[in-house]
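Below is one structure, written out as structure tokens; the observations come after it.
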Amino acid sequence: MAKDRDEDYAGPLRRIAIAILALVLAVSFLAWRIDSPRVERFRSAFIDRFVPTFDWAMVPVTKFLGMVEGFQSYVRIYEQNQELRRELQQMKAWKEAAVQLEQQNAKLLAQNQVRLDPKLTSVSGVVLADSGSPFRQSVLLNVGSRDGIVDGWATMDGLGLVGRISGVGHTTSRVVLLTDSSSRVPVTIQPSGQKAILSGDNTAFPLIDFLENADAVRPGDRVVSSGDGGVFPAGLLVGQVLQGQDRRLRVRLSADYERLDFLRVLRSHPAEQLKDAGPLIPPPPQELEEEAKGGKDG
1 MAKDRDEDYA GPLRRIAIAI LALVLAVSFL AWRIDSPRVE RFRSAFIDRF VPTFDWAMVP
61 VTKFLGMVEG FQSYVRIYEQ NQELRRELQQ MKAWKEAAVQ LEQQNAKLLA QNQVRLDPKL
121 TSVSGVVLAD SGSPFRQSVL LNVGSRDGIV DGWATMDGLG LVGRISGVGH TTSRVVLLTD
181 SSSRVPVTIQ PSGQKAILSG DNTAFPLIDF LENADAVRPG DRVVSSGDGG VFPAGLLVGQ
241 VLQGQDRRLR VRLSADYERL DFLRVLRSHP AEQLKDAGPL IPPPPQELEE EAKGGKDG
């Protein structure tokens, strides 16, 4: 019964509210459309009184418009960011290409400007392939016996000593690198002048063996070929001394083994043997005594 009574009152109240709202709207419309100075003053007073107080009602609209503008700005920034990322990836690729060309140019310039023994001539070759084996460190060159290559000659990349020729064909030759386990090169450590053997162990940093006085050697010392045994010419740059994690002395090679593109084969010739004493080499003391005795007798 109570529910039916509420429904009986709800209908008339709704109709009364709609009628009052329609009347207010009609009066407002007429008041806004009437062209009269008195009504105009009323409209101005109404606007001055109530419109400024409706700023709070405009806050959500203003916030919403700001959010829309911010989202549009974010979309533009995101698109620009994606474009910059693509350009950055392209720049990285160009940078890598430029670095490789710069290193290659530096190697070629170094090969043209390096100063060695005037009797040493060289022939440059392109690296065709490497061994691809963890147990043998070697590369293949496109120069061979037709170019006068001889087994045992030293090879450089323009920055430092790389290895030696080990196997010569008609058009190709194989280079055993200093890092190969079969490589043994006599070296000199400067400035102490200590003699040692550079022994490859299939790692990037060959060992220093048979060192005369290890206390005279410090990390960072310069390592060059000694020329002992006639294996390599003396004075070829090999690298710098460093101390490995196993506390053993090793060599950081100057040659760039990551990019062996061009190698220079040094045409080394055996040193001239001195058989007779020249004017700058004095004779043995016994010969001097005999000459002195002969002068007295005369």
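Just so it is clear: in the sequence shown, position 104 is 104 by full-length UniProt numbering, and no numbers are missing. Don't be surprised by glycine CBs; every beta carbon is placed ideally from N, CA and C.
When the five nearest sequence neighbours on each side are left out, the beta carbons in the same chain lying within less than 7 Å of the beta carbon of Phe205 are those of Leu242, Gly244, Arg250, Val251, Arg252, in order along the chain.
Taken atom to atom, the span from the alpha-carbon of Ser122 to that of His170 is near 18 Å. For Phe210, there is no enclosing beta strand (DSSP E), as DSSP gives it neither H nor E. Val168 is positioned such that its CB atom lies no closer than 8 Å to that of Val139. Arg252: member of the beta strand (DSSP E) spanning 249-253, first to last residue.
Annotation: Leu211 to Ser145 spans about 36 Å, alpha carbon to alpha carbon. By the C-beta density criterion, Gln82 is exposed, having fewer than 16 other C-beta atoms within 10 angstroms. Nearest C-alpha to Thr172 among Val126, Gly152, Gln190, Val59: Val126. In the three-state DSSP reduction, Asp130 falls in the strand class (E or B). Of Asp215, Leu178, Ala216, Gly193, the smallest CA-CA separation from Thr203 is found for Leu178. For Ser173, the uninterrupted beta strand (DSSP E) run begins and ends at 173-177, by DSSP.
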